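Numbering follows numbering that gives the first Met the number 0, with no gaps: position 84 of the sequence shown is 83. Following: one structure in structure tokens, then a few remarks.
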Amino acid sequence: MTSSLNAYAALALAIVFEVTASALLQQSAQFTRPWPTLAMVIFYIASFYALSVAIRVIPLSIAYAIWGGVGIILTTTVSFVLFRQILDSAAFVGIALIVSGVVIINLFSESAVR
Numbered sequence: 000m001t002s003s004l005n006a007y008a009a010l011a012l013a014i015v016f017e018v019t020a021s022a023l024l025q026q027s028a029q030f031t032r033p034w035p036t037l038a039m040v041i042f043y044i045a046s047f048y049a050l051s052v053a054i055r056v057i058p059l060s061i062a063y064a065i066w067g068g069v070g071i072i073l074t075t076t077v078s079f080v081l082f083r084q085i086l087d088s089a090a091f092v093g094i095a096l097i098v099s100g101v102v103i104i105n106l107f108s109e110s111a112v113r
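Encoded structure:
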């Protein structure tokens with residue numbers, strides 16, 4: 000596997016860990032439930048570690064844009080499926096604009112690692 004492929008795999012793990020941690024944040028009930036709180040902390044630590052591995056190869060600005068954009072989509076999906084949270088049309092437009100920015104960066108920016 001190439002170095003950039005490993006970096007993007009680490010970034011994907013960072014995103015999954017962060018989304019999991021965010022879902023556990025909801026379940027922690029403002030840190031009053033110890034097990035979801037502990038799991039949340041572990042997943043956030045794992046997420047930042049994986050992100051630190053990714054930014055050895057991927058520029059921080061690009062990695063963070065991808066992390067944020069994909070994380071928003073996954074967090075929105077998890078929030079809908081697990082917590083039945085529904086967004087209005089303005090929220091969907093905002094999310095679409097963020098995702099569009101991530102796509103533009105990855106397709107057209109010379110800063111992106113290929």
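Using N, Cα and C, we set each Cβ at its ideal position, and we do this for glycine too. Values in this document were obtained by computation on a predicted structure and should not be read as measured data.
Check	Outcome
From V18 to T75, what distance separates their C-alpha atoms?	9 Å
For L37, count neighbouring Cβ atoms within 10 angstroms of its own Cβ and tell me buried if that reaches 16, exposed if not.	exposed
Just the C-alpha distance for V101 and V69, rounded to the nearest angstrom, thanks.	8 Å
Below 8 Å, can you find three or more Cβ-Cβ pairs linking the region 10-27 to the region 47-56?	yes
Alpha carbon to alpha carbon, how far is I57 from Y63? Give it in angstroms, no decimals.	9 Å
Going by CA-CA distance only, name the one from I71, Q84 and I61 that's closest to I103.	I61
Could you name each continuous alpha helix (DSSP H) segment of 4 residues or more that falls completely within the region 33-58, going from the start of the chain to the end?	33-53
Classify I108 as buried or exposed, calling it buried when 16 or more other Cβ atoms lie within 10 Å of its own Cβ.	The identity of residue 108 in the sequence shown is Ser, whereas the question assumes Ile. Exposed, since its Cβ has fewer than 16 Cβ neighbours within 10 Å.
On the criterion of 16 or more Cβ atoms from any shown chain inside 10 Å, does W66 qualify as buried, or is it exposed?	buried
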